[in-house]
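Numbers in my numbering are just positions in the sequence shown, counted from 1, shifted up by 340. Reviewing the structure listed below.
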Amino acid sequence: MFGSLMKPNFSPEMAYSHFHFLLIIFFPLFFYSLAQNNGDVSVGSTLTANGTSRPWISPSGEFAFGFRQVQDKDQFLLSIWYAKIPDTVVWFNNTLDPVPRGSTIQLAQTGFVLRDPQGRLLWKTEDLADDVDHGFMNDTGNFIIMRRDNLRLWQSFDFPSDTILPMQDLVPGSVLISRKSETDFSKGRFYLQFLENGNLILTTRSDPRNREDDDEYYNSQTSDEANNGLASGIRVIFDERGSMHILRKNNQIADLTPRSSIPPIAENYFRATLSFDGVFTHYYHPRTFSGNQGSTWTAIWWQPDNICLSIDGDKGSGACGYNNVCRVGSFGRPICKCPNGYQLLDPNDEYGSCKPNFTESCSQNQQQGSIEDLYDFFPLKDTDWPKSDYQKLAPSTETECRQACLEDCFCAVAIFRDSSCWKKKLPLSNGRIDINLRATAFLKYRKRDIPNHLSPEETKKLKIHSNNDVVETNVHFFTYKELAEATNGFKEEIGRGSFGIVYKGVIKTGSRTVAVKKLDRVAQDTEKEFRAEVKSIGQTHHKNLVRLLGFCDEGQHRLLVYEYMSNGTLSHLLFNDSKPSWSLRTQIAIAIARGLAYLHEECSRPIIHCDIKPQNILLDEYYIARISDFGLAKLLTFNQSKTHTNIRGTKGYIAPEWFRSSQVTSKVDVYSFGVMLLEIISCRRCVGEAEIEEGENPILNHWVWDCFQEGRLDSILEDDFEALNDMKRLERYVKVGIWCIQEESSLRPTMRKVSQMLEGVVEVLTPSCPFPFT
């Protein structure tokens, strides 16, 4: 739309008029990015922090230097940003707080001079001896102050904040410091440092003033000591092709980002940023994108792989705050969440510390009643705070472990694993979820502090129907009135399936957003049986399953309450106008495979989902894939499917054996996953895909098999250069998909093996024709 205004048949006056109109209606900064100049800034030039002062633009209009408003509309940040991409700051002066409205920055003969509205000096560059001739905002994102002979006196590239750009190198002694949060540009607690010994490291510091408090959680291992005397690193290079590597003294290089995964720089922007949550990530972004596509930076490489486990020192709180629990999300980003019975110390900082909802005391006068009457535990699977032990009991049984913590007023949590028990006291540090732990954490809480949406009567009702209290599985009882209020009378519909309608709601306690599903086809179980099934589902715990938070069972009303997934369905992501990145798609495939393997093999009672499809895969705020509706296979009878037969599932994803027998195994889920994997690879629907050329088979499974046989996998991807540059993985994923859709169910792998094959742990053999019978 904007490009059409620049055609020769438009007069300058007409073009200006159109731009002025668009300026008012759409993007205030877009005008600046198109207002071309040579990037020069003359001595004496001044910018004012007022929201209307025009920034200094690079010749191409891609970068801007000036003041940007922060959350407080009367505060401004002196910064450099991508003028054509919303909200992407690449440099800011991290020695300063945001400045008040009316502050000015001037390019003087001595360098930059920043003053507040009263004219008081806030900051200046080092004295450049009255030698400044001009400044230059160049197209690499570097602002340079020059002498008359074009000698560089000062440049922003020498003073990075939290980001580096192509053509910007790091020399020994260079440091990046994270922001405090996504919107708070003050100094955070994470540091990227290029050391004199040649190592690139990531550290966290609980107190910014104490350098001895550093806790290292990534090391590039490029020093002489780490490489048997080989030349150490001398420079971190972010080259003109968008690749990052460390140059050694002997001119050899140590790659940081895999070169095969770098898309063409002519078509993309690049940056590498130390995020506020401690992950150093290399991103790319298409240079051309429409408003419909949105603005998305895609991660190519990041360190560490799992920050929750990597930060493991004795100093500080870990990746999240004290008493908080960390689990790793997409692109290695941490997700922090207070455990049951705890709430954020600062409600606006989800990555911060958590405080208990009760005051634990060893004072005898506060202990009225038996210990069993006063306290109980929330069991948390695969959760640990490994740095907070004060006593180990071994050997121990689970019952002995719980009782030991119950009787110890200092014990806040007990970890039981491998016939051993670890007692821990507050504050708890380095909290993490790790599925390899094979452990259970018993988090102690005072019974009178059960969340207040459970009345004593409702709590009693739950205990009547279960020896192992439903509260312990974190599945809560809601009244129908509570859920009607939470959903504003079931007003906002966010999904509709064959078994009911899903509504968005907010639970008053904790102001938590949830998804409430009204079931309209539940088998008429007795109250006890229904609750037993809910309890069983509530005991499932895996990062790739949507978590069941609670339920309602009042008369004819049966509802399930799930955590809310802010990024919608996989179906919407795959089949929208903008194709998601190959790296994101591969991560989603692995996540779904892991979730299904858990349902099939790791639950106390194996669960067959029976309806795996992109509409039943939800994406959280970090695009982590979560399987939804996996509990409905337990709650529903087979003759209540939408096909009105014994067949369960959706057209295109139904395994052939459904048509031959009602006795099915977990291999029906494997088949459905295989179809969905081919959809993830190609971003095409499994049936009725209009984009396939006329004359080709419209069924995706058959078309992919033909492409595989004929050695033309590139046909599946069209112009997806990221996937085409990753041909080995692409071929592996296609072969896994074909194995999963074999008509003969015995030939299909288990989901455990599927997960291993996708991750490259197990070799994938060449598959045979998946449909020999048809």
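For each residue, glycine too, the CB sits at the ideal point set by N, CA and C. All values reported here derive from a predicted model rather than from experimental measurement.
- By the 16-neighbour rule on beta-carbons within 10 angstroms, asparagine 490 is exposed.
- CA-to-CA, the gap between phenylalanine 817 and proline 719 works out to about 18 angstroms.
- Between alanine 929 and leucine 1098, the CB-CB gap stays under 7 angstroms.
- With 16 or more other CB atoms across the displayed protein chains lying within 10 angstroms of its CB, serine 1006 is buried.
- Annotation for phenylalanine 1111: Glu1083 place their beta carbon closer than 7 angstroms to its own, counting only its chain and skipping 5 residues before and after.
- Looking at Ser563, Arg772 and Ile602, the one whose alpha-carbon comes closest to that of arginine 581 is Ile602.
- Beta bridge pairing from DSSP links alanine 448 with Gly451.
- In the displayed model, cysteine 1047 falls within a helix according to three-state DSSP.
- Between the region 534-543 and the region 555-568 there are three or more C-beta pairs closer than 8 angstroms, enough to call the two in contact.
- Straight across, the Cα-Cα distance linking glycine 391 with phenylalanine 476 is about 22 angstroms.
- Between histidine 882 and glycine 935 a beta carbon distance of about 6 angstroms is seen, short of the 8 angstroms cut, so the two are scored as contacting.
- Within the same chain, and ignoring the five residues on either side of isoleucine 605 in sequence, the residues whose Cβ sits closer than 6 angstroms to its Cβ are Arg581 and Gly582.
- Taking 3 residues as the shortest admissible run, the region 571-632 contains the following complete beta strand (DSSP E) segments, listed from N- to C-terminal end: 573-578, 584-588, 593-595, 608-614 and 620-626.
- For arginine 786, the uninterrupted beta strand (DSSP E) segment begins and ends at 780-786.
- Between phenylalanine 497 and glutamine 508, the CB-CB gap stays under 7 angstroms.
- Straight through space, the alpha carbons of alanine 931 and aspartate 1066 are spaced by roughly 19 angstroms.
- Secondary structure at glutamate 747: coil, using DSSP grouped into helix, strand and coil.
- For the pair lysine 520 and lysine 527, the Cα-to-Cα distance works out to about 5 angstroms.
- Collapsing the DSSP output to three states places aspartate 412 in coil.
- The C-alpha of arginine 925 lies about 10 angstroms from the C-alpha of lysine 919.
- Your pair leucine 959 and asparagine 907 checks out as a contact, with CB atoms roughly 4 angstroms apart and the cut at 8 angstroms.
- Shown here, tyrosine 938 sits in a helix according to DSSP, grouped into three states.
- Inclusion of tyrosine 904 and valine 886 in the CB contact set at 7 angstroms is not warranted, their separation being larger than that value.
- With a cutoff of 7 angstroms on beta-carbon distance, tyrosine 662 and proline 767 are scored as near each other.
- Residue state for threonine 926 is assigned as helix, using DSSP reduced to three classes.
- One alpha carbon belongs to methionine 1091, the other to valine 1008, and they sit about 11 angstroms apart.
- For arginine 529, the number of other beta carbons within 10 angstroms of its own is at least 16, and it is reported as buried.
- In this model, glutamate 402 and asparagine 378 are separated by some 12 angstroms (Cα to Cα).
- For glycine 1014, the three-state secondary structure derived from DSSP is helix.
- No Cβ-Cβ contact shorter than 7 angstroms links alanine 389 with valine 453.
- Remark: C-beta atoms of valine 619 and isoleucine 647 approach each other more closely than 7 angstroms.
- Non-local beta-carbon contacts of histidine 585 in its own chain, meaning distances under 7 angstroms to residues more than five positions away in sequence, involve Ile577, Ile593, Ala594, Asp595 and Leu596 in chain order.
- The criterion of a C-beta distance shorter than 7 angstroms is satisfied by tyrosine 962 and arginine 673.
- Glutamine 449 is positioned such that its CB atom lies no closer than 7 angstroms to that of valine 429.
- Tryptophan 762 is bridged by DSSP to Lys732 and Ile755.
- The beta-bridge partner set that DSSP reports for serine 382 consists of His474.
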